[in-house]
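For this note's numbering, add 1 to where a residue sits in the sequence shown, where the first one is 1.
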Amino acid sequence: MASGAERRLFGVVLLAVVVLDATTKLIAEAFLLRTTGIHVLGEWFQLRLVYNQGAAFGLHVGPYSRWIFFGVAALAIVILYRMSRQGAVGDWFRQLALGLVAGGAAGNLIDRVRSARGVVDFLDVGIGTLRWPTFNVADIAVSLGAVALAVSLWREDARRTQPESAGAS
2 MASGAERRLF GVVLLAVVVL DATTKLIAEA FLLRTTGIHV LGEWFQLRLV YNQGAAFGLH
62 VGPYSRWIFF GVAALAIVIL YRMSRQGAVG DWFRQLALGL VAGGAAGNLI DRVRSARGVV
122 DFLDVGIGTL RWPTFNVADI AVSLGAVALA VSLWREDARR TQPESAGAS
């Protein structure tokens, strides 16, 4: 079971992501509401305000998408918190990963509660009509955290199978 210091890392990362996400979304809404976008690095990287009522990549599940995705995010945060509490002592990397994913989920969950317009997205990358779906800081945290969590789980699995392989030779 994870120590108190490690669980604090989970909480600090979660809180930092939520604060950074909320701050950048408020700034984006204040500056981008009356414009079609701001070119930061030419056409490749732009700041453009979009409200996403669905999930990743604009996925919708009907008229109740807002509340369905709210429920999914809330459940995910509870599961991630439990994973944090049950984490191995000394596994700081796993706590960081879980905090990033939970913080990103919480950031977008707050948007769903705050406004029926949807989640505030404002980072737009691509070339011409080939564009990645517009995203935000919470999405970055979820993506980085998910990759880090996958690496953490893979490393744990590799450690478990290592003694079996050593004994077989």
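Beta carbons are placed, not taken as given, at the ideal position from N, Cα and C, and that holds for glycine. Quick caveat: nothing in here was measured; it's all calculated off a predicted structure.
Original post:
Which residue from Val-73, Ala-23, Arg-95 puts its Cα closest to that of Val-148?
Top reply: Arg-95
Original post:
Where does Ala-159 land, buried or exposed, given buried means 16+ other C-beta within 10 angstroms?
Top reply: exposed
Original post:
In this structure, does DSSP put Tyr-52 in helix, strand or coil?
Top reply: strand
**OP:** Assuming Arg-49 and Phe-123 form a contact by the criterion Cβ under 8 Å, report the distance between their Cβ atoms to the nearest whole angstrom.
**Re:** 6 Å
Original post:
What residues in its chain sit with their C-beta under 6 Å from that of Val-143, if we drop five residues either side in the sequence?
Top reply: Shown here for Val-143: same chain residues with a beta carbon closer than 6 Å to its own, the five before and five after excluded, namely Val-102, Gly-105 in chain order.
**OP:** Tell me whether the beta-carbon of Gly-38 lies closer than 9 Å to the beta-carbon of Asp-112.
**Re:** no
Original post:
Among Val-79, Arg-115, Val-18, Gln-87, which has the Cα closest to the Cα of Ala-139?
Top reply: Val-18
Subject >> 9 Å Cβ cutoff, Arg-95 in contact with chain B >> reply: This model lacks chain B altogether; it includes just one protein chain.
**OP:** Please go through the same chain and pick out, in chain order, the residues whose beta-carbon is closer than 8 Å to the beta-carbon of Ala-74, but skip the five residues on each side of it.
**Re:** Ala-106, Ala-107, Asn-109, Leu-110, Arg-113
Original post:
Which residue spans inside the region 113-147 form an unbroken beta strand (DSSP E) run of at least 3?
Top reply: Qualifying beta strand (DSSP E) stretches, in chain order: 120-128.
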